[in-house]
Ligand code: ADP
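Residue numbers (my numbering): -14 to 170.
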């Protein structure tokens, strides 16, 4: 599904984040920045040891990366030149600021991208795997954050890379709901 927002293309597709040819891809990282399962494991496997080396240096100088924040490294052997390691919230039921932290993870990654002059970026569905954030709710937060990002016009393409047909359907439906809700206002 291709969506046009001003001069920016928002693409929702099924795929593997490690294979994307955008300038940056986003990792669903954890606070340790030391790798993990899911997207994180796949990115470090596909990108090679250079990415972990850079993460270790960041850890040594700046410490852990709290939920909602992100750091940037090179892309190692990936097609993408950069990896933005964003830490989403763990879902504890919804009363631990999870929504706000998920929004920050997307917002801060977009901000990092425009500050680096990056024009094309791919995201996975942050927090909806091991971190158990309900995907319908996450999809709405994600797409609303992208749609209303103040500097969106500086990005040519934002790609949401979903790992299953079902996840892709959830994101497509979330987009339709957002459009309906915002058009009623
Ligand atoms: P988190 O710990 O933030 O929940 P995960 O990596 O466990 O992150 O999962 C986030 C989402 O990414 C899940 O929906 C999962 O199915 C999906 N996913 C896993 N591997 C990949 C991949 N290679 N490319 C894109 N999405 C992936």
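From the three backbone atoms N, C-alpha and C, an ideal C-beta is built for every residue, glycine too.
- Non-local C-beta neighbours of residue -4 in its own chain, meaning closer than 6 Å and more than five positions away in sequence, comprise -13 and 144, ordered along the chain.
- The nearest non-hydrogen atom of the ligand ADP is less than 7 Å from the C-beta of residue 24.
- In this structure, residue 94 has its beta carbon at no less than 7 Å from each heavy atom of the ligand ADP.
- When rounded, the separation of the alpha-carbon atoms in residue 106 and residue 169 is 30 Å.
- With distances taken between CA atoms, residue 61 lies nearest to 30 out of 30, 150, 115 and 16.
- The C-beta distance from residue 86 to residue 53 rounds to 4 Å, short enough to meet the 8 Å contact threshold.
- The residue from 161, 81, 100 and 163 with its alpha-carbon nearest to that of residue 136 is 100.
- C-alpha of residue 44 to C-alpha of residue 82: approximately 25 Å in a straight line.
- For the segment 28 to 70, the continuous beta strand (DSSP E) assignments of 3+ residues that do not extend past its boundaries occur at 55 to 59, in sequence order.
- Boundaries of the beta strand (DSSP E) around residue 145: 142 to 147.
- For residue 17, there is no enclosing beta strand (DSSP E), since its DSSP letter is neither H nor E.
- Rounded to the nearest whole angstrom, the CA to CA distance from residue 141 to residue 8 is 11 Å.
- Taking one beta carbon from each stretch, the segment 125 to 135 and the segment 146 to 164 have 3 or more pairs nearer than 8 Å; the two touch.
- For residue 10, the shortest separation between its Cβ and any heavy atom of the ligand ADP does not lie below 7 Å.
- Relative to the ligand ADP, the beta carbon of residue 109 is positioned inside 7 Å of a heavy atom.
- For residue -3, the uninterrupted beta strand (DSSP E) run begins and ends at -7 to -1, by DSSP.
- As a beta-bridge residue in DSSP terms, residue -11 pairs with -6.
- Short note on residue 105: C-beta not closer than 7 Å to any heavy atom of the ligand ADP.
- If you look at residue 129, you'll find it in the alpha helix (DSSP H) that goes 120 to 132.
- CA-CA distance, residue 71 to residue 146, rounds to 15 Å.
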